[in-house]
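Everything in the sequence shown is counted per this note's numbering, starting at 116 for the first residue and increasing by one. Glycine included, C-beta positions come from ideal geometry on N, C-alpha and C. What follows is one structure encoded as C-alpha cells, with my remarks underneath.
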Amino acid sequence: MIKLKFVLGVGIAALLASCGSTPREEEQIRPVKVVAAQSLGSVEKSFSGVVMPDQYSNLAFKVGGPLIALNVVEGEFVRKGQIVAEIDPIDYRLQYEARRSSFLTAKSQVERAERLLARDAISRQDYEVTRANYDNAKAAFENTESLLAETKLRAPFDGFVQEKFVENYQKVQAGTSIIRLIDPNQLQVRFIMPEGNLKYLLADPDIFVEFETQKGVRFKSRIKEYVPASADGAGVPVFLTITDERFNPKKLNLGVGFTCRAILRHKSPGKEGACLVPISSIFAIDGNKTPHLFVYNEEKGIVELRKVRERGLTGRCDMIVQEGVAPGELVVVAGSTRLVDGQKVRLMAE
C-alpha cells in the first residue's frame, strides 16, 4: 500500500511539474512586405509598359476584285516576297493581252518608220506621229503588266501575320487592308506617363526596360518619341527603342504584347547618400522619438532593427533618410508589428 502511494505521488508530482512548465515555443516566421530604399542621388521612376512592333504594315492590293486565295493564317511567319493573297486576275489578264498586242504592233510600225526615215521615204512629221503612238502603246502595256502583277499580294519583309482583316472569296477594293504584317526583330516599348511625372522625362534620364520574363535584367533604351498631350486625361504616351547590344528578341523569347517596366533614372546633385523610404516603414520604439525601421537581410532571412536620421517628408508618402539605410536595401513596409531584431521572416507575395 505504501509502495502504491509512493508511485502515485511520483506520478502526480511529475504531472504537476509538466503543467507548471511551458514547452519552448517554436520560432514564429512572420510575413512582411518590403521595398527597396531609393537613392536620392539617383532617383528612379518605373512605369508599366507593353512591347509593340516598331515596323509593321497593313498590306493592301493596289487593284480591286474578288479574293481567290488567302494563303496565311494569324500568327504565321512569312518570308519577304512570299505571296500572301491573290485576287482573280482574269480581267487584268485580258487587258494585258490586248495592250501587249497593241504594243507589239506599234513597235513593229515604229521600227519600219525608222528604216523609211533613214531613206527619206517618209517625212519627219509622219515618223513623230508613229513614234508617239508607240510610246502610248508601250506605257499602256507596262501599266496593264504592272496591274496584273498587283493581283498577287507579296510580303515586303520577313514577319508574322498579326491580324487578318478580310476572309477568302470576299470582293475587295483597292487599298482595303488584307493583313497586318509585323517585324518580330524590330520592337518598341510603349508606356503611359502621368502628366505630373513628365518632368522626369524632360530631365534627360538614363532609361532601361525590364521584362517580366527577364526579372533583374535591365536593357538600355532611349526615347523614340512621345506625344506631348494627354488623350482623355490618361497620360502621355511614350515610345522607347531598346539600344542594348544584349537585347535579342529571338534568344529571349520576347514578342509583341509582352509586359515590361520602363525605368527612368536621373541623378540629383547634392543628395548623394540620402535615401527615400515609404513613411509606413518608420516607427518609434517605446515613446523614443528617434525613428527606427526594419531592414530585411536577404542572406540570413531575418530583419535587422536600424536607427535612422531623417530629413523630413517628400510628398505625402515618402521620408528622406540621411543615415541608417543604404540605397537598394529592403525596408519593411508592412508586417513590422511585433517584429524583433534578428527575427526570421518570409516575404509576402506581391
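How big is the Cα-Cα spacing for residue i and residue j?
i	j	result
residue 267	residue 222	29 Å
residue 426	residue 389	9 Å
residue 407	residue 165	39 Å
residue 391	residue 432	10 Å
residue 217	residue 200	30 Å
residue 313	residue 460	38 Å
residue 410	residue 428	20 Å
residue 439	residue 193	58 Å
residue 399	residue 344	45 Å
residue 241	residue 255	21 Å
residue 452	residue 331	30 Å
residue 414	residue 450	19 Å
residue 335	residue 169	17 Å
residue 424	residue 443	17 Å
residue 276	residue 208	29 Å
residue 289	residue 265	10 Å
residue 80	residue 155	The structure shown does not extend to residue 80, since the chain is modelled only from 116 to 465, so the question has no answer here.
residue 251	residue 261	15 Å
residue 325	residue 285	43 Å
residue 405	residue 360	48 Å
residue 369	residue 298	12 Å
residue 161	residue 327	13 Å
residue 366	residue 167	17 Å
residue 437	residue 421	13 Å
residue 348	residue 278	29 Å
residue 231	residue 272	50 Å
residue 371	residue 311	28 Å
residue 94	residue 202	Since the displayed the chain opens at 116 and closes at 465, residue 94 lies outside it and no answer follows.
residue 227	residue 220	11 Å
Once the 5 residues before and after residue i are set aside, which same chain residues still bring their CB inside 6 Å of it?
i	result
residue 448	148, 150, 393, 395 and 396
residue 318	381
residue 321	380
residue 210	259
residue 455	none
residue 309	350
residue 412	419
residue 253	218
Does the Cβ of residue i have 16 or more other Cβ atoms within 10 Å, making it buried, or fewer, making it exposed?
i	result
residue 139	Residue confidence for residue 139 is low, a pLDDT of 42 falling below 50, so the modelled location carries little weight; the figure read from the coordinates is stated next. So residue 139 counts as exposed.
residue 244	exposed
residue 457	exposed
residue 342	exposed
residue 187	buried
residue 353	buried
residue 441	exposed
residue 233	exposed
residue 434	buried
residue 445	buried
residue 355	buried
residue 236	exposed
Comparing C-alpha positions only, which one of the options sits nearest to residue i?
i	options	result
residue 315	304, 351 and 183	351
residue 177	253, 233 and 258	258
residue 179	164, 196, 198 and 206	206
residue 204	213, 344, 446 and 263	263
residue 357	245, 288, 289 and 301	301
residue 337	191, 311 and 323	323
residue 143	168, 202, 369 and 417	417
residue 184	197, 361, 283 and 299	283
residue 364	304, 232, 196 and 225	304
residue 274	290, 246, 195 and 444	195
residue 189	308, 296 and 347	296
residue 362	145, 333 and 445	333
residue 373	202, 347, 422 and 329	329
residue 294	191, 463 and 462	191
In chain order, what residues of the same chain have a beta carbon less than 8 Å from the beta carbon of residue i, not counting five sequence neighbours either side?
i	result
residue 159	153, 378, 379 and 380
residue 146	450, 460, 461, 462 and 463
Give every residue of the same chain whose Cβ lies closer than 7 Å to the Cβ of residue i, excluding the five residues on either side of it in the sequence, and list them in chain order.
i	result
residue 213	none
residue 197	269 and 270
residue 225	245, 246 and 249
residue 215	256
residue 340	354
Just to check my reading of the structure: residue i and residue j have Cβ atoms closer than 8 Å, yes? What is that Cβ distance to the nearest angstrom?
i	j	result
residue 292	residue 306	The pair is not a contact, with the Cβ atoms about 27 Å apart (cut-off 8 Å).
residue 376	residue 172	Their Cβ separation, rounded to whole angstroms, is 29 Å, which puts residue 376 and residue 172 out of contact at 8 Å.
residue 287	residue 182	6 Å
Taking 8 Å as the CB-CB cut-off, is residue i touching chain B?
i	result
residue 427	This model lacks chain B altogether; it includes just one protein chain.
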